[in-house]
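Presented below is the structure to which this report refers.
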Amino acid sequence: MWNTAGSMTSLVCQWLITVLVVRLAGGYEAAGVYSLAVSVFGIFAPVAQYRMYTYQISDTRGENTMGEYFTFRLLTDGLALVGCFVYSLFTCSIDAVPTIMIFGVYKCVSLLLDVLHACEQRHRRMDYLGISMMLQGASSLGIFALVFWLTKDLNLTLVAMTAGYIVIAVAYDLPRSQQFEKLKLGIPIPKAWHLLTYCAPIVIGALLVAAASSVPRQYLAFDMGEAALGIYASVAAPVAVVQNGASYVYYPLIGYFADYYAERKYKKLLGLFARVTGGITLVGVVCAILLELFGVPLLELFFANNIAEYAYLLTPMIISAVIAAYLWFLSDLLIAIRDFRGNFIGNAASLVVAVACMVPFVAAWGMNGVSFTVAASSLAGAVAMALSFVLKLRSSKADEPSEGAA
12 MWNTAGSMTS
22 LVCQWLITVL
32 VVRLAGGYEA
42 AGVYSLAVSV
52 FGIFAPVAQY
62 RMYTYQISDT
72 RGENTMGEYF
82 TFRLLTDGLA
92 LVGCFVYSLF
102 TCSIDAVPTI
112 MIFGVYKCVS
122 LLLDVLHACE
132 QRHRRMDYLG
142 ISMMLQGASS
152 LGIFALVFWL
162 TKDLNLTLVA
172 MTAGYIVIAV
182 AYDLPRSQQF
192 EKLKLGIPIP
202 KAWHLLTYCA
212 PIVIGALLVA
222 AASSVPRQYL
232 AFDMGEAALG
242 IYASVAAPVA
252 VVQNGASYVY
262 YPLIGYFADY
272 YAERKYKKLL
282 GLFARVTGGI
292 TLVGVVCAIL
302 LELFGVPLLE
312 LFFANNIAEY
322 AYLLTPMIIS
332 AVIAAYLWFL
342 SDLLIAIRDF
352 RGNFIGNAAS
362 LVVAVACMVP
372 FVAAWGMNGV
382 SFTVAASSLA
392 GAVAMALSFV
402 LKLRSSKADE
412 PSEGAA
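Have a look at this one:
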């Protein structure tokens, strides 16, 4: 519940920022640049994350200390920012590059906080991380509203928001996480190399699936202009609650999936799998009904600028968000049971389908083509991962010692 409350607060605050960037700027251009920064960093976010949060909370044997995870995150953050800079130079207008890079630093600082949150979650103190996420969301929203209103400078606003994250890390999270484990920076080179190479398949897979959702948005900006992307992103912002809400169902349970698999408790694992599947479905249905009923009034209330004429974008967005949410779950599940090959194959399938679909889909359905592309690519990836999960369980059961041998 604490995780859900904190995550929802952070999510709503991030959405309200996308509202404010439209209202305070008086148009969609700034929203388009902000959405572009989100999309571009989204491609390299998997490098920064390196799937270490899932890995850390399922590290039941204590392979690495919190300080080693933190140091490794500093390394992966740096790699992501380098990639983001090179990519944005070649694919985006030069005026957008500073905003993209500052936004990247802002997100990298939040990922450093995730290392502290993972430590808190491992020690069953999700109230700490829930409160931290509330503070992060509220500070980002408050700082954005004040600084952007005063300056209309998106870059300066993002710098101020980054400083707010640093204050929360030092004043709140660090003292609490160190109740369980002292933060001692440094990681032996062999350990860092092991993590880099061992987790490389799932990181490459995460890059592929991130591109599967980000590249169609970039193509939309290329084909129809940044204003079109700004409109699409503004309508899509409340739909993010579907995808993120689903993650709140399963993310606190990843450690249990890892434990059940390691202990060969397959009935418990499958029972939990069924409950999570039902939970994600329920979240999707409830959110879909609420957005269908109140989505248009909310868009009109927050965005104005004739946004209601784009309400036809909502239904395809909701469908694609539910399918993408299930893909997220299967991806993390395969990491928890250390099926990195299946994770990679599913994510690769997602990108292949996205690249194949985005041009004809956008040509046929305009902005809705992005949603249809994401739905098709997520479905392809989810089917591939579900098959990998079944095969992994069958293989594990086949390797189980017989009663006589036992």
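Numbering of the sequence shown is given in my numbering, commencing with residue 12 and proceeding in unit increments. Note that CB positions come from ideal geometry on N, CA and C, so glycine has one too. Every value quoted in this text rests on a predicted model; they were computed, and no experiment measured them.
Buried or exposed: where does Tyr209 fall if 16 or more other Cβ atoms within 10 Å of its Cβ makes it buried?
-> exposed
Under 7 Å between C-beta atoms of Ile334 and Ser389 = yes
Can you have a look at Ala416 and say buried or exposed, based on whether 16 or more other CB atoms are within 10 angstroms of its CB?
-> Any reading at Ala416 needs caution, since the residue's pLDDT is 47, under 50, leaving its predicted position unreliable; the model's value is listed next. The residue in question, Ala416, is exposed, as its Cβ has fewer than 16 Cβ neighbours within 10 Å.
Can you check the stretch 318 to 394 for any alpha helix (DSSP H) of at least 4 residues that lies completely inside it and give the ranges in chain order?
-> 325 to 347, 351 to 376
Report, in whole angstroms, the separation of the C-beta atoms of Leu325 and Leu302, which I expect to be a contact under 8 Å.
-> The beta-carbon distance between Leu325 and Leu302, rounded to whole angstroms, is 6 Å. This is short enough to meet the 8 Å contact definition.
Along the alpha helix (DSSP H) that carries His205, what are the first and last residues, could you check?
-> 200 to 209
Quick one, are the C-beta atoms of Val116 and Thr173 less than 7 Å apart?
-> yes
N-terminal and C-terminal residue of the alpha helix (DSSP H) that Lys118 is part of = 108 to 133
How big is the Cα-Cα spacing for Phe96 and Ala56?
-> 13 Å
Identify whether Leu194 lies in helix, strand or coil by the three-state DSSP scheme.
-> coil
With DSSP as the reference, label Met137 as helix, strand or coil.
-> Assigned with DSSP and collapsed to three states, Met137 falls in helix.
Would the beta-carbon of Ser258 fall within 7 Å of that of Gly148?
-> no
Looking at C-alpha atoms only, which residue of Lys408, Leu206, Lys279 is the closest neighbour of Phe351?
-> Leu206
Check the C-beta distance from Leu31 over to Glu237 and give it rounded, since I have them as a contact under 8 Å.
-> Going by Cβ atoms, the distance from Leu31 to Glu237 rounds to 18 Å, so no, they are not a contact pair.
Can you give the Cα-Cα distance for Leu100 and Asn14, rounded to whole angstroms?
-> 37 Å
Have a look at Met137 and Val307 and give me their C-alpha separation to the nearest angstrom.
-> 34 Å
How big is the Cα-Cα spacing for Trp204 and Gly353?
-> 22 Å
Member of Ser69, Glu74, Met63 whose CA lies at the smallest distance from the CA of Arg84 | Met63
Under 7 Å, do Thr384 and Pro227 count as touching if we go by C-beta distance?
-> yes
Residues near Ile28 in its chain [Cβ-Cβ closer than 7 Å; skip 5 each side] | Ser151, Leu152, Phe155.
Three-state secondary structure (DSSP) of Asp184 | helix
Option nearest Met112 by Cα separation, candidates Ala374, Leu90, Arg405 | Leu90
Using the rule of at least 16 other Cβ atoms within 10 Å of the residue's Cβ for burial, across every protein chain shown, is Glu414 buried or exposed?
-> Residue placement at Glu414 cannot be trusted, given a pLDDT of 45 that sits under 50; what the coordinates show is reported in the next sentence. So Glu414 ends up on the exposed side.
Would you say Thr29 faces chain C, with C-beta separation under 7 Å as the test?
-> This model lacks chain C altogether, as it is built from one protein chain only.
Anyone know if the C-beta pair for Ala336 and Ile291 falls short of 7 Å?
-> yes
Let me know if Val381 comes out buried or exposed under the rule of 16 or more other beta-carbons within 10 Å of its beta-carbon.
-> buried
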